[in-house]
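Below is one structure, written out as structure tokens, with a few remarks after it.
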Amino acid sequence: MRDLKGLAEKIANMNELKYDEELEKAVKKEKHGCAFGTVEEIKENEMYISWSASETTTHPTATKVACIEYYCKEFKSNQTLYVIDKGPGGEETGEPGSKCPSGRSKASSVDKPM
Numbered sequence: 001m002r003d004l005k006g007l008a009e010k011i012a013n014m015n016e017l018k019y020d021e022e023l024e025k026a027v028k029k030e031k032h033g034c035a036f037g038t039v040e041e042i043k044e045n046e047m048y049i050s051w052s053a054s055e056t057t058t059h060p061t062a063t064k065v066a067c068i069e070y071y072c073k074e075f076k077s078n079q080t081l082y083v084i085d086k087g088p089g090g091e092e093t094g095e096p097g098s099k100c101p102s103g104r105s106k107a108s109s110v111d112k113p114m
């Protein structure tokens, strides 16, 4: 999904995204309301949350992702909350992988058609 978005929208700085158990532990400590489908910044310039995986996991500077399930009293149902560390900066345009952060290289999957 990230590769496709990077290729289609010419995103030059799409990072690799990995699941992070420490991020999961950190978000479990936060208080959560019931999901209304929006993206919310819960730690300034550090962490986004969403009730839609696609809204968070396609952020180009994100490198870590986690998710938790919790019970929403208002809707009387379990909900899944997705979290990313959004990283500094925003989306940069150009050849996919051409503006990778220092120490990172172009992902091999970006070079191959899907």
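Each residue of the sequence shown is one higher than the one before, counting from 1 in full-length UniProt numbering. No residue lacks a Cβ here, since even glycine has one placed at the ideal position from N, Cα and C. Keep in mind that this is a model prediction, so the values were computed, not measured.
Query raised in the report: How big is the Cα-Cα spacing for E21 and A66?
Result: Indexing the sequence shown from 1 puts residue 21 at position 21. Indexing the sequence shown from 1 puts residue 66 at position 66. Spanning the two alpha carbons is a distance of roughly 7 angstroms.
**Report entry** Own chain residues within Cβ distance below 6 angstroms of K10, not counting five before or after
**Finding:** As a first step, residue 10 must be located in the sequence shown, where it is residue number 10. Closer than 6 angstroms at Cβ, skipping near neighbours: T93.
Requested in this report: Less than 8 angstroms between the CB atoms is what I'm expecting for N15 and T61, so what's the real figure, rounded?
Outcome: As a first step, residue 15 is located in the sequence shown; it is residue number 15 there, counting from the start. As a first step, residue 61 is located in the sequence shown; it is residue number 61 there, counting from the start. Confirmed, about 6 angstroms.
Query raised in the report: Using DSSP with H/G/I as helix, E/B as strand and the rest coil, what is A62?
Result: Position 62 of the sequence shown, counted from the first residue, corresponds to residue 62. Residue state, collapsed to three classes: coil.
Query raised in the report: DSSP three-state call for E69: helix, strand or coil?
Result: Sequence index remark: in the sequence shown, residue 69 carries index 69 (1-based). Here E69 sits in strand by DSSP.
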